[in-house]
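Taking our numbering, the leading residue of the sequence shown gets 222, the next gets one more, and so forth.
Glycine included, C-beta positions come from ideal geometry on N, C-alpha and C.
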Amino acid sequence: MKIQKTGLSFFIALVSILLITSCQQKEKSAPQLEETSKLPYDDPEFKGEIGRTYQDSEMDWPDLPSPKADAPNVIIILLDDVGFGMTSTFGGSIPTPHLDSLASEGLRYNRFHTTAICGPSRAALITGRNHHNSGSGFLAEWATGYPSYTTMIPRSTATIGKLMKYNGVNTSWFGKNHNTPDWETSAAGPFDRWPTGLGFDYFYGFNAGETHQYYPVIFENTVPVEPEETPEEGYHFQTDMTNKAIEWLQLQKSISPDKPVFMYYAPGAVHAPHHVRKEWSEKFKGKFDHGWDKEREIVYKRQKEMGIIPQDAALSERNENVPVWDTLGKEEKKFYSLLYENFAGYLAFTDHEVGRLLKAVRELPDADNTLVMYIVGDNGASAEGGLQGTINEVKALNGIPSSIEENLKKADEIGGPDTEPHFPIGWAFAGNTPFPWVKQVASHFGGTRNPMVVSWPKVIKDKGGIRSQFLHIIDVVPTVLEATGIQMPEYVEGVKQRPMDGKSFISTFTDANSPEIRTTQYFEVFSNRALYHDGWVAAHQHTFPWRQDFAPGYENEVWELYNVAEDFSESNNVADQYPEKLEELKELWEKEAEKYHVFPLDDRGAARLAVPKPSPLGDRKEFTYYEGAIRIPETAAPNTKNTSWTMEALVNTQRGMKDGVINAIGGLGGGYTLFVKNGNPTFLYNFFESDIMTITSAKPLPDGLASIKVEFNYDGGGMGKGATVNLYMNNEKVGEGRLEATVPARFGIDTFGIGVDTGSPVTETYGANEFQGKIEEVNIKLRPE
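Here it is in structure tokens:
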């Protein structure tokens, strides 16, 4: 007992010393950004003393950066492809009760703007600079070698992640990342433009414009991971990523409850493919049978009743490209209604998942001091489903339409793992009520006007209030910096920073009549252009989101003019009445475009996709892969499209252990795979499900070391042409097949792999997925004519 008491006394004394030391350290002032013009901070100066021994020395622990004492948690939520008139919170027909609830606790903004396209909006959001200044004039897949269009975010436009991280705030990013260049998303990196290289301590999500929600291509930080459940077991990416986000948030607050955190939650919903289970889509059965023309009228009326839009706001003129609903046939109406019911279910499900995150936020010990900025869409509703909609989005993006008859064969499967749905353009225009145009069309508010809800219980007391100041997504970072007491440094990581293009709108949190912070803002995407200035908008609509083959050039451009101080919805073009005002704004657009590095304008669609881009492959034509080479993005895999090629695999097997995948790229929507089933080598080419060619060896695979070879002989003469395919085993021809058409542009949103077909399978006919034998190597040789 005496020894135990002595030990206890020593322990109490030790704890007391540690507590005193800890308190002393807390009283020391951490370095503040005002004291330096650069991040990260220099190593702090040692102010103790160093003697010969510890007995004649004095300790001095280094001060580490920390946020100001009353800095809030910051949660930024960003949805994808949601139109202004879709959610119930802003007068739409799709119930979003959790967004409603957040709005009732905070503020709704009805004049907030994005860039009209996802990757550029996201670059502007995380940097606080206009998207061209952030190197993101358009999407990574369309990148060109001009500074504003490389999609390589410059180090001179440091992200909010880095600003927070270097000031002692833990940071995280969940969901969609469309800000890493397409060619840098493989395991070869580089990783400095992945979320973890952009200042986010933890990343769980996907590196692309979209992903399959049942078979997502997920990375945890920089390592590919596979879902722990199957779609049949109930897996859905949104649930998975929300679970991870809640776990991260709770862990942070369990360890350090007083320390603020920064979270960027971007589920990628409701971007196509619109994946949701039947229990959600069935809630909307028959709800949209009235069609998109009537839907615009219903939403417009409700928006006025709710005060979302002014009472004198007119409904913009219906777009002539949209078919009149009443002229459609019975089968068309059925299919188009099914697609929108499915989408509505997807948006409702998304609200449910965001609601789970918000519930966890409300349970934080410092929930009252948590700033939530919920941006409902990175652009307007999408018309990329084309005139007819689709259940195979990748096929549609390759420019290959599907017939109504073909689509209706899978009517009962819409929204499930075996479909990749997207609604037709009519629903996009309805979703952007009351504004004209859609996603990609940066000239009009249908592309750029998105709802936003802001909640900060400690500060915002006007519960349920509406704010109508003209804002832009570049204004978010400056607002967060002011809220957290962080100032923008002159240098970050040794690189001089471009000034912030955005401005803080924190004044609107406490004053509904706060003065406008933004009186001028340019817009440009795909040569669709606009200039907002002092209540006026000059606009030029240039290209069509559903026409990648259309590049009109720059002659005979027609500009429109709107007095949006009086005409909220851009319904009245007054260009003829005020020609001098229009010319003034056009000249100002040119100046702003020069200032923010918009040039050169480029309206090419598919041709811009084909522009050569940097690649980890270089100009190689021959490749060797080994087991474990999985989750390689299509842009980092051998480009076997529109060319002849040969693949030879050396495998080593034993009796009864021969089946499984040798190589696969793509998924159920389109791709090819070399595999063994029941001991027989098989090559399968999936041309967007409409034509599936299977070549099965007439002989079984022998025991031991063997060669399996695919010889793909492309017809040539353009993109997407046919091919003759031969299958060999130990140099003996064992099968052949013919394709009348091949995939011209992209196999889809899945990846390339050796030894297993991860994600969405190219075919559901595998006997085994993971190869049971040993793959010594797989050699692929491109044979361009």
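Within the same chain, Cβ atoms closer than 8 Å to the Cβ of K807 are found at L752, A759, W780, the five residues on either side in sequence being excluded. Rounded to the nearest angstrom, the Cβ distance from M373 to A602 is 29 Å, too far for a contact under 8 Å.
Counting along the chain, W757 sits inside the beta strand (DSSP E) bounded by residues 757 to 761. Exposed is the label assigned to G272, since fewer than 16 other Cβ atoms lie within 10 Å of its Cβ. With contacts defined by Cβ atoms closer than 8 Å, F421 and G382 form a contacting pair. D912 sits in a strand when the DSSP states are folded into three classes.
Distance from the CA atom of K862 to the CA atom of A966, rounded to whole angstroms, is 7 Å. Annotation for A290: no beta strand (DSSP E) segment contains it, and DSSP assigns it neither H nor E. The residue among T406, T731, F789, Y425 with its C-alpha nearest the C-alpha of P837 is T406. Note that the C-beta distance between D599 and L299 is below 8 Å. Burial state of I476 is exposed, judged by a 10 Å Cβ sphere holding fewer than 16 other Cβ atoms. Excluding sequence positions up to five before and after F267, its CB lies within less than 7 Å of the CB of D281, all in the same chain and listed in chain order. Each residue's CA atom was taken as its position, placing K515 and I646 some 15 Å apart. For T874, the enclosing beta strand (DSSP E) has its first and last residue at 865 to 874.
Judged by beta-carbon spacing, G349 lies beyond the 8 Å limit of P488, meaning their Cβ atoms are not closer than that value. Looking at the backbone, the Cα of Q276 and that of L285 are separated by about 26 Å. By the CB criterion at 8 Å, S342 and I694 fall inside the cutoff. For F267, there is no enclosing alpha helix (DSSP H), as DSSP marks it with neither H nor E. In the three-state scheme derived from DSSP, where H, G and I count as helix and E and B as strand, M940 is classed as coil.
Runs of beta strand (DSSP E) with 3 or more residues, each lying fully within the stretch 694 to 734, are absent.
Closest in alpha carbon position to E454, among L536, P638, K551, K504, is P638. One thing to note: T371 has its Cβ no nearer than 8 Å to the Cβ of A379. Counting other Cβ atoms within 10 Å of its Cβ, T335 reaches 16 or more and is therefore classed as buried. With respect to the 8 Å criterion, A535 and S865 are not classified as neighbours on the basis of their beta carbons. When the Cα atoms are used, Y567 and P293 turn out to be separated by approximately 31 Å. DSSP, reduced to helix, strand and coil, places E998 within a strand of the structure shown. P982 and L889 have their C-alpha atoms some 6 Å from each other. Here G976 is buried. Its C-beta has 16 or more other C-beta atoms within 10 Å. Rounded to the nearest whole angstrom, the CA to CA distance from M914 to L895 is 12 Å. Counted as a single uninterrupted DSSP element, the stretch harbouring W501 is not any beta strand (DSSP E) but the alpha helix (DSSP H) occupying residues 499 to 502.
Here the alpha carbon of A927 sits roughly 14 Å from the alpha carbon of L948. L320 is positioned such that its CB atom lies closer than 8 Å to that of Y595. In this structure, R829 is the residue among V746, N734, R829 with its C-alpha nearest to the C-alpha of Q769. Under the 10 Å beta carbon count, R332 is surrounded by 16 or more other beta carbons and is classified as buried.
When secondary structure is reduced to three states using DSSP, T764 falls in the coil class, being assigned neither helix nor strand.
Shown here, I529 sits in coil according to DSSP, grouped into three states, outside any helix or strand.
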